[in-house]
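For reference, the structure discussed in these notes is given below.
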Amino acid sequence: MKKIIKYITVVFTAGVLLNSCETTDLDLRTSPNDLAADQADPNLLLNSIQLAYVANMYTINDIGSELTRIDYMLGRNYFNTYPGNTFDDIWERLYSSTDGNGDVFTSDVDLGIFPNVDNLKTIDAGSDTDYSFHIAVGQTLKAHMLLLLVDYLGKATLSEAGNPVEFPAPLLDDGQDVYTGALALLTEAEALFATDPATQGAEDFFYGGDTENWIKLINTIRLKAAITTGDTSTFNSIIAGGDYISETADDFQWQYGTRELQPDTRHPDFQDDYTSSGAGLYQNNWLMNNMFVKNDPRIRYYFYRQVGATPGAAGEPVDEELLACSLAVPPVHYDGYIYCSVPNGYWGRSHGNNEGTPPDGFQRTAVGVYPAGGRFDDSSFDVVGLGLGGGGGGIEPIFLASYVDFWQAEMATSAAAKATFLESAMTKSIAKVQSFGSLDSGADLSVAPSETEVTTYIDDIVADYLAATGDDQTNILSEQYWIALYGGGVEAYNYYRRTGFPTTLAPNWELNPGSFPRSFLYPQTEVITNSNVSQKSDLSTQVFWDTNPAGPAFPSAN
Amino acid sequence: MRTKLNGLLTLLLALVVHISFAQQKTVSGTVTDQGGLPLPGVNIVVEGTTTGTQTDFDGNYSIIASQGETLLFTYIGQKAVRKTVGAGGNVSVQMEEDAQALEEVVVTAQGIKREKKALGFAVSSVDEEDLESRSEGDVARVLSGKASGVQITAAGGMSGSATNVVVRGLSSFSGSNQALFVVDGVPFSSDTNAQDTNGGGSNFLTGNTGSSRFLDLDPNNIAKIEVLKGLAAATLYGSQGKNGVILITTKAGSAVGGKKKTEITVNQSYFVNEFASLPDYQDEYGNGFDQAFGWFFSNWGPSFEESGLSGWGRQSAIDENGTLEHPYSSTAVRATREAFPELQDTRYDWKPYDSVKDYFKPGSVSSTSVNINGASEDGNTTFNANFGYLDDESFIPGNGLTRANVSIGGRSKLSNKFTVSGAMNYSRTDYSSPPIAASEGNGTTGFSIFGNIYFTPRSVDLLGLPYQNPIDGSSVYYRNGNDIINPRWTANNAKYSQLTTRVFWNASVQYDINDNLNMTYRAGLDFYNERNEQYSNKGGVQFPSAIFGFLNTYDNNNTIWDHYLALNGNYDLSEKLGLTFNVGATSRSTTFDQSGVASTGQIVFDIQRHFNYSNQSPIQYSEKRNIAGLLGQVTLDYDNMLFFTASTRTDWVSNLTTENNSQTYPSASASFLPTAAWPGIKSEKGLNFLKLRAGLGQSATFPTAYPTVSVVEQNTQVYGEGAEVTTNQVAAFKANPDLKPELLSEFEVGFESKFFSNRVSLDFTYFDRTTKDLIVREPLSPSTGFTFTQSNVGKIEGDGIEIDLGVDWIRSDEPSGFNWNTRANFTKNKFIVTEQEQDIIIYAGSSTLSVGGNAAIKGEQLGVIVGDAIARDADGNFLVDDGGDYITTEVDIDGNVPVIGNPNPDYIMNIINSLSYKNWNLGFQISHTKGGDIVSNTIGTLLGRGLITETLDRENTYILPGVSQSTGEVNNKQINNSTYYFNNILFGPTELKVYDASVVRLQELSLGYTFPAKSLERTPFGSLTITAQGFNLWFDAYNTPEGANFDPNIQGAGVGNSQGFDFINGPSSRRYGVSIKATF
């Protein structure tokens, strides 16, 4: 018996000891599930920066387009339509990181800009390898984002950003200071690009590692800053230098793919509109009608009609089930505007319409082949669906040569000079848009506007422009600029607040939607965590370069 | 013949008695309890001698004694009985319950057994009769309402869905508040893994269909549950015990010494499981909007009458026979038209269909449990074996659960001062469900079967329409663009399943050094493998995972090793002063290891193997944490009336820096029995027993995972036509090397009392708890470069009361008389955030205010619901827009995030009645939760879509009370019924979806019949009981719209710290049936 006891004791003791190493190890602090901070690969950090940037550009392009009737906005009241979380993702993706949230990438992968640029700098400082290219790309994209945040929010964080120990509650810097800081980042980036650094194997999604193009982009961003703030001399001196995006070949844009799944690389609008259960987006009636009336050669590229007639349009029966407003009498404030139904099957919605969603997925107009990579409208009135048209392999336009021409038109002092730039801008824009037709291999491109038709159109518009006077003249230029901005409307919102044109915008569905937003609420994610930031009470705050009268006197549309 | 023999024997006996008068003789008899049932194991001694015996299983005994001598009968919990041996040889005794029934022994922390009267803290006990033969296989749900201070919330009425178990309210908001389960002395993982992969964290809106792992326990195998509520009670469990401890003693683990005969108990139950919360759908109007027909989501269409303002006679789409073009004929989807040639140009009746009711067909629950226990001849070795099988088929298509349990345990007292015991449990739980995710009434937010089913318009014939395209297997449904997924397709083509195999064993050895000292070593291993398989075929709509199909298969392996070594002593320092102590060391190691494969892009329809999918990515995540602790406890007792206990524990944890990784927390408690100190205050008709107690306890919370080291996230397949783009991203989480444990301290006082011949018992507890250095998932300003960190900020203070009342209204002296007993428990607590650096931390739910979340706001109750609210002017009037609808705002008048509700109930009360007469007994439990708010998307959807009776009055117009924002005048804009419900309730401010969640519930009702022993004489049964039972037979959430029939017992955002949300999580379940218990 004693032996047995001894035996049991030995076994138990041994068991305890053997296990204790495993179960009493008190230093298990490193996660096996991630890379350690110093194991990051600079090339892969740069991927995050570029993807975060384009996710943000997509969202801001959308917001800018919605307000300016280039895209459709749902919501009768501006303040409710753009609540405090509107810029949360954009803000987090610039300063920290946040996941795709369906903005561009359907995955839930975290992406951000600031911390990765900082990490690149740390790695560069401690390495023999030169990561100047990475840093320069990072600083350039960062600078553009900062400028846009000031444009949309009025203020942004820069001097105290990215330093949680010293500044746990960073102050917002004034818009002017952020602009200055962003331009300094561009100077830093330009100096790095000037040495033509090697990419070290990094993927440059925009320019394939061509530093000359990056310098052109830097100058174009400077042009954008100059025109926004009305800095004519800087604008003119950069133009005189000639080193900016002036050719379509230099266009700064993001190329989407056609892969549907894991990852979904398609244009986000295509993802929404080309589903097996119909289109998910509405197009804006004002823009469609404007292009329809003008017979704009881009209309078949921008919009894909699934039906040939819109209920309630002249000569068409109404349809309460599919288009409720076709039954309604337009309110007084819509006098002179298209209220519900654009003719010929351009089936969209007017600004602010908040009606419930009818089962019209196979009737409403979808995005076309430009820029979303959808279908070319060859009047076949077929339906949308997975993989149709260009399969979503479109682009996110960011800085196009045509946009720069419109800026030059704006800055030019004589009508003749403006007309020259207008012509050149339209030519570049239409040519680029038309080049997308081939993406839809199944389309009958014979219905596409011919070269002559295009030339006639351009000539007519330019002639109209020169013939017109006053606001009408500016409206012609502005409308053309906005048509060209379709898909990349970030600057439309700036332009509208800067100039008040075009004055032809359709009104909001609601007579009293609140005054037109002059800037957005600060991101709620920052407001509730940062004791130095307090929220605005409305959307009427004007950004530093917006010296126009306060609303509702300005701008003209509600 | 037998009678004759008996007679003869009696005669013989009488003769013997006569002869041996005043001589020693054999005295025999039967000992029964108050209710007349035989009492086994009663000790019988002949006073003044060493002669003694015990009753056998049938309560019979025999002993040698002389006439005139006194027999002393003693039994735990019963009054001692003395009987003088008379002339006869038969001395039968009916024992009575002891006035001092509180002398019962309870198991406390680390398995230390204590007399209940010595405890300075509150303990609730639940016995096996309250646990067995239940229709729920989930022990936590069975426990619902049985003990004060314990709050049980179901994640829904699905069979096998998760359950939230919180004791004494929330003490922390970043850490877990789930109670610790300890089975046979060893911590038992009760995780709910939420089926998350790669450490993704529980995503609020993607839902959770996973089970909580206490589902692996068979309630029929439980002998007793003790709930240790306070910190003073749970100190010895260390940080793990800070949320309260559910101490479970299984039948296998409870084998106590003593002679008994082998007994086999069989328990067989059969229940019907059905839909309890069917809304009261209206049958006057059908699909459409503004009284016009359309294949919409909404049910604001024309009426089912031909005539009238809203009659279908005015609809062009409906012909004079009241029929429509069949939706599969009028659909815009060519593929659907081509797939159903037989339906083209056919007509479809315009009438109401009971789609929702017919969709949820009643299921059934069958449960079998066999228990065998016995002992060796000398009573030193006991054993118990239990087999259980549960088959729970839900009323929700595709949802079900089967579980097999085997457990074996035993204990042996060896002759050499060693006592060894062990128990081994094996379970295999197979759970499956359709996909469930949060939905908000507009299609669904995540891939979920419930989102689309609840608002099926009345005129849509869900069960009559084909749900699958016969050509390619894809989903088809009534909408013109086929843009919502058919719930029947989902049930048939998508499945989430979890097959859990679990082994849980413990073994302990005790060595008695001498009469006063012993050593205990206990080891426990809890290992489970959760095999998860989730898939959807391709061909769905709305969700990429359903459109393209997906398959995830992965294993979660979780291992807990637990060791405990202690020295226990027990000394009498003087005649009146006793001392017991325990000192020990313990270690606990938890390893979670997940690995598997995720695939997307199904190639051939309906084959769910990875080779049949285009893309694969790995699922891999692991986490390991060790906690080592030293503990000690000492108890002094003075003259059985004053008890004092002090204990301390120090823990070290593996995932913090050495400077911060340990925490010591002492506790103390005392109890005093005035009725023992001054017997004069006792009286039979007045106070019978009084105990006063006080306790002071502390505990710590340690963080999980790896919060002190910063990381870079790496993801593959982020972009690129060949999925070739990989990203590295500096994590948004800021590591905090200074993180330290949070400290909880609690003070509790209470009393336990008995009155009026023990007819009334009253227990009362007041506690006050403070959590400081709260470990918070602190949101950071994103402009700092990080969006969150874990840090020690903030403080929560709260208090509460728990009352348990028992009354014997009628107590019969007759064994088969009428008895009526009521037990009631009452719980109330309130926790306030008293210190916090941020304005607001939304710690559960969504920070998107249109969805809503639970927040910690300084000065407010923990968990208040924040969300968007109705805008108000400076005078507090509601603001209305020019369309006549309420204006939504995300900031209140002071510029803060609006608080729109408080989910914490005012109190929870349960009343349990049991009545018995002869062989019948009747029991029922009524539960009442008073107050507490819930954001109900189910109600919002039923109203907003015009489905339930509340929405019938739809031909009138309404004016919302408030002032017009643009004019400042009193609102006079008329809106119609659908605009009110659709624009405001459903899609307006979240505030309008907040309801008071007060609910009264008939939780249980049972009627049992026990066959009289006599009638079983010629059968193999020792006892036989048949019980008819029902659970959740009736409920009324009396402050919610009647027609919604909404059950607010719902954990909308899954198990965790969220409260007060319903995201169309699914219906609640009602169960009723019969169970039979037989012993052999």
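Those protein sequence lines, which keep their order, are chains A and B. In this text, residue positions in the first sequence follow the working numbering: the first is 13, and each later residue adds one. In this text, residue positions in the second sequence follow the working numbering: the first is 20, and each later residue adds one. Positions of the beta carbon are idealized from the N, C-alpha and C atoms, including for glycine. Since the model is a prediction, treat every value here as computed from it, not as a measurement.
The stretch 1079-1088 of chain B makes contact with the stretch 170-178 of chain B, as at least three CB pairs between them are under 8 Å. Around residue 51 of chain A, the beta-carbon contacts reaching into chain B at under 7 Å are 731. Put simply, the CB of residue 537 of chain B is far from chain A, with every gap to its CB atoms at 8 Å or more. Annotation: residue 196 of chain B to residue 168 of chain B spans about 14 Å, alpha carbon to alpha carbon.
Residue contact with chain A for residue 620 of chain B: present (Cβ-Cβ distance below 8 Å to some residue of chain A).
Looking at the backbone, the Cα of residue 130 of chain A and that of residue 580 of chain B are separated by about 43 Å. Judged by their CB atoms, residue 951 of chain B and residue 1016 of chain B are nearer to each other than the 8 Å cut-off. Scanning its chain for C-beta atoms nearer than 7 Å, with the 5 sequence neighbours on each side dropped, one finds around residue 912 of chain B the residues 891 and 893, in chain order.
Comparing alpha carbon positions, the residue from B:552, B:421 and B:366 closest to residue 384 of chain B is B:421. The beta carbon of residue 825 of chain B sits closer than 6 Å to those of 780 and 842, all from its chain and outside the five residues before and after it, given in chain order. Among the CB atoms of chain B, none fall inside 8 Å of the CB of residue 477 of chain A. With respect to chain B, the C-beta atom of residue 359 of chain A has no partner C-beta closer than 8 Å.
Around the beta carbon of residue 408 of chain A, 16 or more other beta carbons lie within 10 angstroms, which makes this residue buried. By alpha-carbon distance to residue 569 of chain A, the top candidate from A:60, A:529 and A:127 is A:529. For residue 448 of chain A, the number of other beta carbons within 10 angstroms of its own is at least 16, and it is reported as buried.
Rounded to the nearest angstrom, the gap between the Cα atoms of residue 478 of chain A and residue 489 of chain A is 10 Å. Only those residues of the stretch 81-108 of chain A whose C-beta falls short of 7 Å from the nearest C-beta of chain B are listed: 88, 89, 92, 95, 96, 97, 103, 104, 107 and 108. With respect to chain B, the C-beta atom of residue 181 of chain A has a partner C-beta closer than 8 Å. Taking a Cβ-Cβ threshold of 8 Å, the residues of chain A close to residue 742 of chain B are 271, 274 and 275, in chain order.
Rounded to the nearest whole angstrom, the C-alpha separation of residue 272 of chain A and residue 378 of chain A is 18 Å. Contact holds between the stretch 870-877 of chain B and the stretch 844-861 of chain B, because three or more Cβ pairs, one in each stretch, are under 8 Å apart. For residue 750 of chain B, the nearest CB of chain A lies under 8 Å from its own CB, placing it at the interface with that chain. At least 8 Å separates the CB of residue 328 of chain B from every CB of chain A.
Excluding sequence positions up to five before and after residue 312 of chain B, its CB lies within less than 6 Å of the CB of 320, 321, 334 and 336, all in the same chain and listed in chain order. A straight line joining the alpha-carbon of residue 451 of chain A with that of residue 315 of chain A spans about 14 Å. Following the DSSP letters along the chain, one finds residue 849 of chain B inside the beta strand (DSSP E) bounded by residues 838-854. For residue 361 of chain A and residue 294 of chain A, the gap between their C-alpha atoms comes out near 6 Å. DSSP lists B:170 as the bridge partner or partners of residue 185 of chain B. Residue 1041 of chain B and residue 94 of chain B have their C-alpha atoms spaced approximately 22 Å apart. Look at residue 508 of chain A here: in three-state DSSP terms it is helix.
When the beta-carbon positions are compared, residue 190 of chain B and residue 261 of chain B come within less than 8 Å of each other. Under the DSSP definition of a beta bridge, residue 666 of chain B partners with B:652 and B:686. The closest CA to that of residue 188 of chain B, considering only B:209, B:1007 and B:927, is found on B:927. Burial check for residue 583 of chain B: the Cβ neighbour count within 10 Å reaches 16 or more, so the residue is buried. For a cut-off of 8 Å, the C-beta gap from residue 139 of chain B to residue 253 of chain B is around 13 Å, too long to register as a contact.
If you check the CB distance, residue 717 of chain B and residue 762 of chain B come in under 8 Å.
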